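Under the working numbering, the first residue of the sequence shown is numbered 693, with each subsequent residue one higher. Glycine included, C-beta positions come from ideal geometry on N, C-alpha and C. Remember, predicted model here, so these are calculated numbers, not experimental data. Only one structure is covered here, and it is reproduced in the block below.
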Amino acid sequence: MRNYKEVTRERIIDEAAALFFEKGYKNTSLETVAKQLEITRPAIYHYFKNKEEIITAIIREVLKKVTAYSEKVLNQNIKPSEKFEQMVIQHLLLILKNKIFVGIFFEEQKSLPEQATKETIKLIDEYYKTCTDLYKKAMEGGCFIQTDPSIAVQTILGACSWSYKWYSQAGSMAAEEMAKTMSVILMRGYRV
693 MRNYKEVTRE RIIDEAAALF FEKGYKNTSL ETVAKQLEIT RPAIYHYFKN
743 KEEIITAIIR EVLKKVTAYS EKVLNQNIKP SEKFEQMVIQ HLLLILKNKI
793 FVGIFFEEQK SLPEQATKET IKLIDEYYKT CTDLYKKAME GGCFIQTDPS
843 IAVQTILGAC SWSYKWYSQA GSMAAEEMAK TMSVILMRGY RV
């Protein structure tokens, strides 16, 4: 057995995430996480009070990455249509490169404590509003078809989000290439 000083907070989060993804949050005990890390369960308590704090940390990690790429894209001096396309590509890259964390984000939000759920919903709503506003500006500028921006954004990001279910990094296409390919299909359609 290792002592808690040999295991970092990040390593606990990573191992717990892998177990939550494989077995489900409810079917994974802190004892199972500790065993996987070769530490005692009390060693986990040095970093986390309970399993809810771990799931909250995983969800917050995903949201932190979303916020970081959103700010980066929004600060670029490019047209709204290009910003929206970059948001789609970054959304895809986050999903394709972080399958386990993103899978937990989508599948286990229901396991969050009430306050963390409220914070998560607020940030998701802000993200969708940002994307919808970009789509609307691009539509008003004649770059996108005239349609309900909210439905367009939900459709595009929904298609992107589902990729965590089927994409494999061991497949024939790297995440960057897959993100560009999907973005072209979603943004420009599939007609010649």
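- Taking C-alpha positions only, Met874 is separated from Tyr739 by approximately 39 angstroms.
- DSSP, reduced to helix, strand and coil, places Phe740 outside both helices and strands of the structure shown, so it counts as coil.
- Nearest to Ala710 by C-alpha distance, out of Ile770, Ile816, Gly795 and Gln768, is Gly795.
- Cβ atoms of Val845 and Thr824 come within 8 angstroms of each other, at about 5 angstroms.
- Here the alpha carbons of Glu832 and Ser762 stand approximately 21 angstroms from one another.
- Excluding residues up to 5 positions away in sequence, Leu826, Lys829 and Ala830 lie with their Cβ nearer than 6 angstroms to the Cβ of Pro772 in the same chain.
- Every alpha helix (DSSP H) of 4 residues or more that sits fully in the region 857-881 is shown, in chain order, as 867-880.
- Between Leu785 and Ala862, the C-beta spacing is not below 8 angstroms.
- Closest by C-alpha distance to Lys791, out of Lys810, Cys852 and Leu729, is Cys852.
- In this structure, Ile746 lies away from Ala808, with their beta-carbon atoms at least 8 angstroms apart.
- Scanning Ala726, Ile705 and Ile848 for the CA closest to the CA of Glu777 turns up Ile848.
- Taken through DSSP and simplified to helix, strand or coil, Ser721 comes out as coil.
- Val754 is a Cβ neighbour of Phe797, given a cutoff of 8 angstroms.
- For Phe793, the enclosing alpha helix (DSSP H) starts and ends at Lys791 to Glu799.
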